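Letter 84 of the sequence shown, counting from 1, is numbered 85 in my numbering, and no numbers are missing. To start, the structure under review is shown below, and the notes come after it.
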Amino acid sequence: MSDDDSQSAVELVEEAADHLKNSAEHERRAKELSQQAEEQLEETLTEELPDSVTIDVDAKADEDNAQMVVSLYDEEITEIVDDVVVDDVDVSLLHPRQFIIGEDVVGGGGPQRERIQNIKGIIADLEDEFDGGAPVQQVIRHARRVGMDKPKAEHEIDKLKQKGEVYEPRTDHLRTT
Numbered sequence: 002m003s004d005d006d007s008q009s010a011v012e013l014v015e016e017a018a019d020h021l022k023n024s025a026e027h028e029r030r031a032k033e034l035s036q037q038a039e040e041q042l043e044e045t046l047t048e049e050l051p052d053s054v055t056i057d058v059d060a061k062a063d064e065d066n067a068q069m070v071v072s073l074y075d076e077e078i079t080e081i082v083d084d085v086v087v088d089d090v091d092v093s094l095l096h097p098r099q100f101i102i103g104e105d106v107v108g109g110g111g112p113q114r115e116r117i118q119n120i121k122g123i124i125a126d127l128e129d130e131f132d133g134g135a136p137v138q139q140v141i142r143h144a145r146r147v148g149m150d151k152p153k154a155e156h157e158i159d160k161l162k163q164k165g166e167v168y169e170p171r172t173d174h175l176r177t178t
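Below you can see the structure in the form of structure tokens.
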């Protein structure tokens with residue numbers, strides 16, 4: 002191996018090290034900017050919403066998309082429900098009101114894997130509330146609340162049935178397996 006080859010190999014390793022340092026710095030800065038965006042949006046919403054509403058903001062970014070997921074929990078309503086039910090029964094808020102802010106979110110409901118998990122989670126939450134399982138129309142209504150249109154929700158339900166992850170114990174009612 003000549004000195005020229007050794008030198009160029011060393012230079013390549015040094016250049017690789019520089020790129021790794023830059024990459025780490027870019028990742029650190031991206032996290033910092035995401036945190037600032039979360040705090041700024043949370044602060045602005047806190048000023049505009051009633052005191053009883055708790056806000057949780059989560060920024061998500063990858064090469065293709067940047068989004069903010071805003072979850073709102075109304076403590077006042079939860080307390081009212083808690084006061085109305087019997088003392089020995091627990092009350093919890095399963096699904097906050099969520100808003101997804103960003104580009105390419107209209108009617109999408111997220112990537113397919115996320116949509117399937119959303120539908121399966123909705124069915125799992127609703128199936129215990131109804132004797133015959135989760136009514137399909139209720140599942141679709143809840144899916145629309147998380148940004149999934151009716152045709153997409155119906156499609157995801159069909160896929161879950163084909164995979165055997167949900168079934169119909171009776172017509173237009175669903176249960177998870």
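C-beta: ideal position from N, C-alpha, C; glycine also. No experiment lies behind these values; they were computed from the predicted model shown.
Taking one C-beta from the segment 47 to 60 and one from the segment 72 to 79 each time, how about it: are there three or more such pairs within less than 8 Å? yes
Hey, how far is the Cα of residue 174 from the Cα of residue 32? Within the sequence shown, numbered from 1, the residue matching residue 174 stands at position 173. Within the sequence shown, numbered from 1, the residue matching residue 32 stands at position 31. Between residue 174 and residue 32, the C-alpha separation is close to 43 Å.
Residue 135 and residue 144 look like a contact to me (Cβ under 8 Å); what is the Cβ gap, rounded to whole Å? Counting from 1 along the sequence shown, the entry for residue 135 is found at position 134. Counting from 1 along the sequence shown, the entry for residue 144 is found at position 143. No, residue 135 and residue 144 are not in contact; Cβ-Cβ is about 11 Å, not under 8 Å.
When the Cα atoms are used, what is the spatial distance from residue 107 to residue 148? In the sequence shown, counting from the first residue as 1, residue 107 sits at position 106. In the sequence shown, counting from the first residue as 1, residue 148 sits at position 147. Annotation note: pLDDT 48 at residue 107 (below 50); position unreliable, no value reported.
Mind checking residue 50: buried by the 16 CB within 10 Å criterion, or exposed? Taking the sequence shown and counting its residues from 1, one reaches residue 50 at position 49. In the assembly as shown, residue 50 is an exposed residue. Its beta-carbon has fewer than 16 other beta-carbons within 10 Å.
Please report how far the alpha carbon of residue 180 lies from the alpha carbon of residue 83, in whole angstroms. With the chain covering only 2 through 178, there is no way to say anything about residue 180.
For residue 41 and residue 77, what's the separation of their Cα atoms in angstroms? Taking the sequence shown and counting its residues from 1, one reaches residue 41 at position 40. Taking the sequence shown and counting its residues from 1, one reaches residue 77 at position 76. Spanning the two alpha carbons is a distance of roughly 24 Å.
What is the DSSP secondary structure of residue 126, counted as helix, strand or coil? As a position in the sequence shown, residue 126 is number 125, starting the count at 1. Helix at residue 126.
Nearest-angstrom Cα distance between residue 178 and residue 121? Reading the sequence shown from its first residue, position 177 is the one you call residue 178. Reading the sequence shown from its first residue, position 120 is the one you call residue 121. When rounded, the distance between both Cα atoms is 10 Å.
Classify residue 15 as buried or exposed, calling it buried when 16 or more other Cβ atoms lie within 10 Å of its own Cβ. Walking along the sequence shown from the start, residue 15 turns up at place 14. Classification for residue 15: exposed.
Give the DSSP-derived three-state secondary structure of residue 169 in the structure shown. What you label residue 169 is simply residue 168 of the sequence shown in a count that begins at 1. Strand at residue 169.
Locate the beta strand (DSSP E) running through residue 175, then write down its first and last residues. Locating residue 175 in the sequence shown gives position 174, counting from the first residue. Residues 174 to 177.
Suppose you measure from the CA of residue 101 to the CA of residue 68; what does that come to, to the nearest Å? Position 100 of the sequence shown, counted from the first residue, corresponds to residue 101. Position 67 of the sequence shown, counted from the first residue, corresponds to residue 68. Cα to Cα, residue 101 sits roughly 7 Å from residue 68.
As assigned by DSSP and simplified to three states, the class of residue 50: Taking the sequence shown and counting its residues from 1, the one referred to as residue 50 is at position 49. Looking at residue 50 - three-state DSSP - the assignment turns out to be coil, as it is neither helix nor strand.
For residue 165, collect the residues of the same chain with a Cβ closer than 7 Å to its Cβ; drop the 5 residues on either side in sequence, then sort them by chain order. Counting from 1 along the sequence shown, the entry for residue 165 is found at position 164. Counting only Cβ-Cβ distances below 7 Å, and skipping sequence neighbours, we find 178.
Hey, out of 131, 132, 133, 152, whose CA is closest to residue 141's CA? Residue mapping note: residue 141 aligns to position 140 of the sequence shown, counting from 1. When each option's Cα is compared against that of residue 141, the closest is 152.
Grouping DSSP H, G and I as helix and E and B as strand, with all else coil, what is residue 85? By 1-based counting over the sequence shown, the position of residue 85 is 84. Residue 85 falls in the helix class under three-state DSSP.
Closest by C-alpha distance to residue 103, when choosing among 66, 90, 79: On the sequence shown, residue 103 is found 102 positions in, with the first residue counted as 1. Comparing Cα-Cα distances from residue 103 to each of 66, 90, 79, the minimum goes to 66.
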